[in-house]
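Sequence order for the protein chains is L and B.
Using my numbering, read the first sequence as starting at 316 and increasing by one per residue.
Using my numbering, read the second sequence as starting at 122 and increasing by one per residue.
See structure below.
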Amino acid sequence: MADSSHGSPNTSATVAKPGQGGVDTFENPGLPPHRPRLADRNRRAEKRAERQVALLFVISIIGTLLFFVGYFFVPLNDTIARLRLQNLMLGLGTAFAMLGIGVGIVHWARTLMPDHEVTESRHEIRPEKDRADAEKIIGDIFEETGIKRRPLIRNTLLGAMVLAPLPAIAIFRDLGPLPGDVLRETMWEAGTRLTRDPSGTPIRAADVTVGSAFHVIPEGLNEAEHKLEEKAKAVVLLMRLDPEELNPSPGREDWAYEGIVAYSKICTHVGCPVALYEQQTHHLLCPCHQSTFDVTQEAKVIFGPAARPLPQLPIDVDDEGYLVATSDFQEPVGPSFWERG
Amino acid sequence: MSSSTATPAYEPKTSVGKVTNYVDSRVGGSAMVKEFGRKIFPDHWTFMFGEVALYTFVILLISGTFLTFFYDPSMAETHYEGSYLPLRGVEMSVAYASSLDISFDIRGGLFMRQVHHWSALLFVAAVAVHMLRVFFTGAFRKPREFNWVVGCVLLIMSLAAGFTGYSLPDDLLSGNGLRIIDGVMKAIPVVGTYLSFFLFGGEFPGTAIIGRLYVLHILLIPALILLLIGIHLFMVVLHKHTQFPGPGRTNTNVVGYPVGPVYAAKAGGFFFIVFGIVAAISAAFTINPIWNYGPYDPSPVSAGTQPDWYIGWVDGALRLMPGTIGAFDFEWNIPFPWGVNTLSLNVLIPALVPAGIVFMLMFAWPWIEAWVTGDKREKHLLDRPRNAPTRTGIGVAGVVFYCVLWAAASSDLIATHFLVSLNDVTYWLRFLAIAGPILGFMVARRIALALQRKDREIALHGRETGRIVRLPHGEFIEVHEPVDEYKLYRLVSFDSPEVALPAVDANGKVGLPEKVRSRASRFFFEDRVAPVTPSELNAAHAGHHGEIAEAQDRESIASH
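Laid out in structure tokens, this is it:
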């Protein structure tokens, strides 16, 4: 029966009316008739499928052999190329070994095992009568404990149960020390030389040319007991600008030395190293979340998620011409924390 | 059991029977074979994602166990003496050195690391896609709400497993990830600084974190995942699997293949296929080449780095959040009687709000939808996503939201690859994070409704054959071919809930909750499309050219 129409918008394109399509429904026609596969009807197709499955299993065997060749006959030496070759052979060997088995079994199931769909009925998850019984049992249990009639027992038990888990929390107290003031202090102090990261060689003011930037650590950091913890607070970026471009606020005029300024390298957002310096614009960019700081405005945030300027390290030169700090940072470095204030 | 006293009635004759008898008379098991041996599982390609998740988890257990034999979770300082020349003599942690040894000095170690990392990525992806399948087809509805919640916890656990494992090599990249975690943690009001000090055993990075993450990663989290998988699968057996509606399939039956042999063979074979694919990827594509990053050092950082994909959206949210808007500062210094405290909303909001919204909606969704529809019946038949347009729209909105945040985690790479301004990329993504989900919702819902109308068209008027026929009086028509009854049933067998009017309470009034529910119901079902009914189909057939024209059509087709 061929029907010819483009469909009228009246019946199809509009929003359904209340009640439409609810009561009057189609009868379920039942499972469609089973369509035999080629291998069900054709003996040669069946044989072919059988051979294909066997071939896939043979491929798996070859894959396992390939793995052993890679493992025993490709000795590692000091080159990455050899490592990659071995990795490739182990990987491809495993891949063939696994795919051969997997594809083989699935092919077997699809072509040669019965493909008649079977119907099974669902049963009610649990009979409702059980629920009434359960309710009664639970009620009886509670009744027999007498917990409702004896509020003294109930309330003291509740009190005990609220308190009992607290030791399980308190016992974790020694996971770490209390913060104290360590987040407010770094290794920098008056007279600490600014040295190169990571070599630790001191920097002369004359070495810092306009437009250059230095990654700086305090002198003695490499010998410090808690080196990484100290470094995570003390790293500094040093750059030289035209003194005209710096706009120091009152009280910070002498924190720079002839246009050389030092700012904390730890981002005030969540603590990544602010490692990128654009020497044309004098912007510092944090590669993690793209907070951008303007060195000509005392490292004020001009873009991104950080909310505070980078702390500045006051610097000067010592008698030998090396750059030194004149004090520690005047505020905590790095990400904000509740007690920071 | 009377086997000890009376003569057993069952005498095994075959060797299989003898083994069965031996086992069953000691620990039982025949009942289980009876229950599961021929149990029916419905088959559909979308049901495979949960299997992928399960199988990748097995691969993770196998490869992970291998790695634990060689990995040393110590942050003690050492100097690398292994085969990788560029790092020889460099000071690093024992954890990083042992990760390098696994890569360079243990045969198959690099392969196992790659298998572990790739299958971890695939595991979380499979869990996520499986959840999307369950969501879009409505498989979370009664009686499966609890299993949906178990699945949500499994997703969170798989994220935790991924994150704790990611940090273990103690390389520069993962160390920076931990640094970000530390920064986010410190932003938590009141307890944040303490949490950070307790987690890291003092100041960041300390010497404790790797060992602690290791215990979580290899003991606690996998144990919880195993337990939850057990509960998850137990409930699948209890409920029996859902199936798509279709000819022969009803809400009270299960149609499919028996476990033995077809389903077991397909599912078992599929494990090997998943393993094979992971092995092939691990053979050919390097992941996490830790030797390029170097040991963790708080000073250097490489640009263009991103976390693994499942953590990326939180990182993206951190990037998108502005620190200040105009004069409004998101970092508040609040004066208290005891001093000034700092509340860092520019960190807290992106770290907690998007994840909070997504996970809360996810956990609550089965109950939200049940409340809106007021439907208390068991739902064993799945929805095609088009047949639940509003739910589909909301799901797509969630996916778009996720993807925008995920893209934001690559904002710098987008800027450098497409030579656009990083700032503009950020501004656009900020806009899209809010507008994208709304647009996604509207577009997906409209597409679903349009597809439903197309289904109605096909049910009523048949398939467009593309054959143009000229009738004797000169009219051109395109011949439509009616679909057979099985295909027709697929197109018309779905529920189309109607807008629920607010119920009147005992005092004859409509309470606020009912008003909200009615409003929500209108939002869900106002634009519904109803399935074709038999009378509509008859009317559609009768209303056209009639039998004579159809007969002529057929002749003219035959003569072409």
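Just so it is clear, CB atoms sit at the ideal spot from N, CA and C, and this is done for glycine as well.
Can you check the region 557-626 of chain L for any beta strand (DSSP E) of at least 3 residues that lies completely inside it and give the ranges in chain order? 575-579, 591-593, 598-600, 607-609, 615-618
Do L/P602 and B/A424 count as a contact pair if the criterion is CB distance below 8 Å? yes
How would you write the range of the alpha helix (DSSP H) that L/D631 sits in, first residue to last? From DSSP, L/D631 is part of no alpha helix (DSSP H) but of the beta strand (DSSP E) over 630-632.
By how many angstroms is the C-alpha of B/P194 removed from the C-alpha of B/V215? 7 Å
Hey, could you find the ends of the alpha helix (DSSP H) B/Y431 is sitting in? Following the DSSP letters along the chain, one finds B/Y431 inside the alpha helix (DSSP H) bounded by residues 430-441.
Among the residues of its own chain, which have a CB less than 6 Å from the CB of B/G667, if the five just before and after it don't count? The predicted position of B/G667 is uncertain, since its pLDDT is 44 and thus under 50; no value can be drawn from it.
In or out: B/R254 buried (at least 16 other Cβ within 10 Å) or exposed? A residue is called buried once 16 or more other Cβ atoms fall within 10 Å of its Cβ, and B/R254 is buried on that count.
Any idea which residues DSSP pairs L/Y637 with across the strands? L/R519
Is the separation between the beta-carbon of L/F382 and that of L/T409 shorter than 8 Å? yes
Where B/T135 sits in the DSSP three-state scheme: coil
Of all the options L/V368, L/Q594, L/R464, which has the alpha carbon lying nearest to the alpha carbon of L/A717? The question about residue 717 of chain L has no answer, for chain L in this structure spans 316 to 656.
What's the C-alpha gap between L/E534 and L/D609? Their Cα atoms are separated by approximately 27 Å.
Give the straight-line distance between the Cα atoms of L/I468 and B/P428, rounded to the nearest whole angstrom. Rounded to whole angstroms, L/I468 to B/P428 spans 53 Å at the Cα level.
In whole angstroms, what is the alpha-carbon distance linking B/M252 and B/L572? 23 Å
Are the CB atoms of L/V589 and L/L553 within a distance shorter than 8 Å? no
Where does B/Q427 sit, in a helix, a strand or coil, going by DSSP? coil
Around the Cβ of L/Q605, are there at least 16 other Cβ atoms within 10 angstroms (buried) or fewer (exposed)? buried
Does DSSP put B/F162 in a helix, a strand or coil? It is a strand residue.
Am I right that B/R498 and B/H360 are in contact with their C-beta atoms under 8 Å? What's the rounded C-beta distance? With 8 Å as the limit, B/R498 and B/H360 do not qualify as a contact, their Cβ atoms being about 14 Å apart.
Between B/D145, B/V250, B/F232, B/P207, which lies nearest to B/V517 when the distance is taken from Cα to Cα? B/V250
In its own chain, which residues sit with a C-beta less than 7 Å from the C-beta of B/P310, not counting the 5 before and 5 after it? Closer than 7 Å at the Cβ level, and outside the excluded window around B/P310, lie L464.
B/N462 by DSSP, collapsed to three states: which one? strand
On a CA-only basis, which of B/V358, B/G185, B/I339 is nearest B/E156? Give me that one, please. B/V358
Would L/K546 count as contacting chain B if we go by Cβ distances under 8 Å? yes
Cβ shell of B/I470 (< 8 Å), same chain only, five flanking positions each side left out: M442, F451
When the cut-off is 8 Å and only beta carbons count, does L/S651 lie next to chain B? yes
Give me the Cα-Cα distance between B/D226 and B/G203, rounded to the nearest whole angstrom. For the pair B/D226 and B/G203, the Cα-to-Cα distance works out to about 7 Å.
Could you tell me if the beta carbon of B/V435 falls within a distance shorter than 7 Å of some heavy atom in the ligand NAD? Of ligands this structure carries none, so the ligand NAD is not represented either.
Range covered by the alpha helix (DSSP H) that runs through B/E266: 266-287
Using the rule of at least 16 other Cβ atoms within 10 Å of the residue's Cβ for burial, across every protein chain shown, is L/Q595 buried or exposed? exposed
For B/F451, return the contacting residues in chain L, with the cut-off set at a CB-CB distance below 9 Å. Correct list: P620, A622.
L/A528 bridges to which residues according to DSSP? DSSP lists L/M554 as partners of L/A528.
With DSSP as the reference, identify every bridge partner of B/P416, one or two as the case may be. According to DSSP, which records beta bridges pairwise, B/P416 is partnered with B/D292.
Using a Cβ cut-off of 9 Å, which residues of the region 380-397 of chain B contact any Cβ in chain L, in chain order? P382, V383, Y384, A385, A386, K387, G389, G390, F391, F392, F393, I394, V395, F396, G397
Quick one: Cα of B/K608 to Cα of L/G417, how far? 32 Å
How many angstroms separate the CA atom of B/L208 from the CA atom of B/N413? 9 Å
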